[in-house]
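Peer 1:
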Amino acid sequence: MEALWQIGAFVRPWGKFSFEEALAGIAAAGYPVVGLLGGVADISLALDGMDTAAIQERLAAHGLAANLACLHVDHNATEDEAFASLARQVESAKALGVRYLMTFGADHEPQFARWYAATRFAATQAEAHGIQVVFKPHGGCTAAADEIEHCFDQIAHPNVSLWFDAGNIIHYTDKDPVAEARCVAVRTSGFCAKDCATLRGDVMLEFGEGKVDFRTVFEALAEGGFSGPVMVECCHTGTLHETTASARRNREFLERVLREALP
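In this note's numbering, the protein residues as written are 1 to 263.
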């Protein structure tokens, strides 16, 4: 497996634990890279107001590096307030040293126009710091390939790309993730790894329990030039030990699949 196909983990599965316990679990499960997607029980991981130095110190103590944080678009604030928050979030991302800022689209059509404009604004702000703004399939205006292409048309900024999420394609649309991956592969710079079996079905699964054909999805993305990173977003959750063990099995699953998909 080439180093470019690096496998990391998001914080999400460890959400009911402290940040310290989450990082310990991620490290114990064999992940060198963490994405700050999801929350933890004791602190906020929101960029606006984040104590980036404290976060970096905790990451370093566990031998981890962060590659992604989440960008929040406030649809309830005035436009000036929302954009000022975005600028602060980009500055926090710079201080944190992440490579990617992830936003999640908008669920309701009245929110679409602000999200397009906000994403364009954030992409401009982030570009100066070498940070890429990304979004993923998440229902609403980012549901699947057709909607995603429309997003790119509306945002119209070169510093925006897609993080494909095959599990979310099933969860939100019940479409075929392989077919959707082929349509958006050239737009893809990252992969959110989760499985899902049915429309609106559970995603806190071990890989192979749902309908995602990971090997064929990776082959389709690779044909479009994608080469990682791959970030595990979901697994079975339970005790700290159970969650960590499940996350480790999902990492091992991906390593096997990538060896097969990328000989």
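Note that the Cβ used here is the ideal one computed from N, Cα and C, for glycine as well.
Computed from a predicted structure; not experimentally measured.
CA-CA distance, A3 and M231?
Peer 2: With a pLDDT of 46 at A3, under the threshold of 50, the predicted position of this residue should be treated as unreliable, and no value is reported.
Peer 1: Using the three-state DSSP reduction, which class does F104 fall into: helix, strand or coil?
Peer 2: Residue state, collapsed to three classes: coil.
Peer 1: Per DSSP, what kind of secondary structure is A281 in: helix, strand or coil?
Peer 2: The displayed coordinates of the chain run from 1 to 263. Any statement about residue 281 would go beyond what the structure contains.
Peer 1: Work out the CA separation of D74 and A82 for me, nearest whole Å.
Peer 2: So the two alpha carbons sit approximately 5 angstroms from each other.
Peer 1: Looking only at C-alpha atoms, which of C234, A185 and S246 sits nearest to T216?
Peer 2: When each option's Cα is compared against that of T216, the closest is A185.
Peer 1: Sort E233, W115, P137 and N67 by Cα distance to A77 and report the nearest one.
Peer 2: Looking at the Cα atoms, W115 is the closest of the given residues.
Peer 1: Would you identify the three-state DSSP class for L162, choosing helix, strand or coil?
Peer 2: In this structure, L162 counts as strand in the three-state DSSP scheme.
Peer 1: Of all the beta strand (DSSP E) runs that stay within the bounds of the region 52-92, which reach a length of 3 or more residues?
Peer 2: 65-70, all fully within the region 52-92.
Peer 1: Give the range of the alpha helix (DSSP H) segment to which V232 is assigned.
Peer 2: Taken as a continuous stretch (DSSP letters only), V232 belongs to no alpha helix (DSSP H), being part of the beta strand (DSSP E) at V230 to V232.
Peer 1: Relative to the C-alpha of I26, which residue among L262, T237 and I155 is closest?
Peer 2: I26 has its Cα closest to that of T237, out of L262, T237 and I155.
Peer 1: Hey, could you find the ends of the alpha helix (DSSP H) T188 is sitting in?
Peer 2: Run containing T188: none in the alpha helix (DSSP H); it sits in the beta strand (DSSP E), T188 to A193.
Peer 1: Could you give the distance in angstroms between the alpha-carbon of A122 and the alpha-carbon of S92?
Peer 2: Going from the Cα of A122 to the Cα of S92 covers about 12 angstroms.
Peer 1: Apart from the five residues just before and just after A144, which ones in its own chain have a Cβ nearer than 8 angstroms to its Cβ?
Peer 2: These residues qualify, in order along the chain: P137, I169, Y172, T173, K175 and E180.
Peer 1: Would you mind stating whether V11 and L47 have Cβ atoms separated by less than 9 angstroms?
Peer 2: No, the pair does not count as a contact, with Cβ atoms beyond the cut-off.
Peer 1: Cβ of G228 within 9 angstroms of Cβ of F253?
Peer 2: It is not a contact, given that the beta carbons lie outside the stated cut-off.
Peer 1: For Q132, which residues does DSSP report across the bridge?
Peer 2: According to DSSP, Q132 bridges with Y100.
Peer 1: Between T188, Y100, D213 and E206, which lies nearest to G250 when the distance is taken from Cα to Cα?
Peer 2: In the sequence as displayed, the identity of residue 250 is Asn instead of Gly. For the residues T188, Y100, D213 and E206, the minimum Cα distance to N250 belongs to E206.
Peer 1: On the DSSP letters alone, give me the boundaries of the alpha helix (DSSP H) that V257 sits inside.
Peer 2: L240 to A261 is the extent of the alpha helix (DSSP H) around V257.
Peer 1: At least one CB of chain C closer than 9 angstroms to the CB of G140: is that the case?
Peer 2: Of the protein chains in the structure, only one exists, and it is not chain C.
Peer 1: Exposed or buried, what is A128 when buried is set at 16 or more other beta-carbons lying within 10 Å of its beta-carbon?
Peer 2: It counts as exposed.
Peer 1: In terms of residues, what are the limits of the beta strand (DSSP E) holding I7?
Peer 2: Counting along the chain, the beta strand (DSSP E) containing I7 begins and ends at I7 to F10.
Peer 1: Assign S44 to one of two classes, buried (16 or more other C-beta atoms within 10 Å of its C-beta) or exposed (fewer than that).
Peer 2: Counting Cβ neighbours within 10 Å, S44 comes out exposed, since fewer than 16 surround it.
Peer 1: Does A261 pass the burial test, meaning 16 or more other C-beta atoms within 10 Å, or should it be called exposed?
Peer 2: Result: buried.
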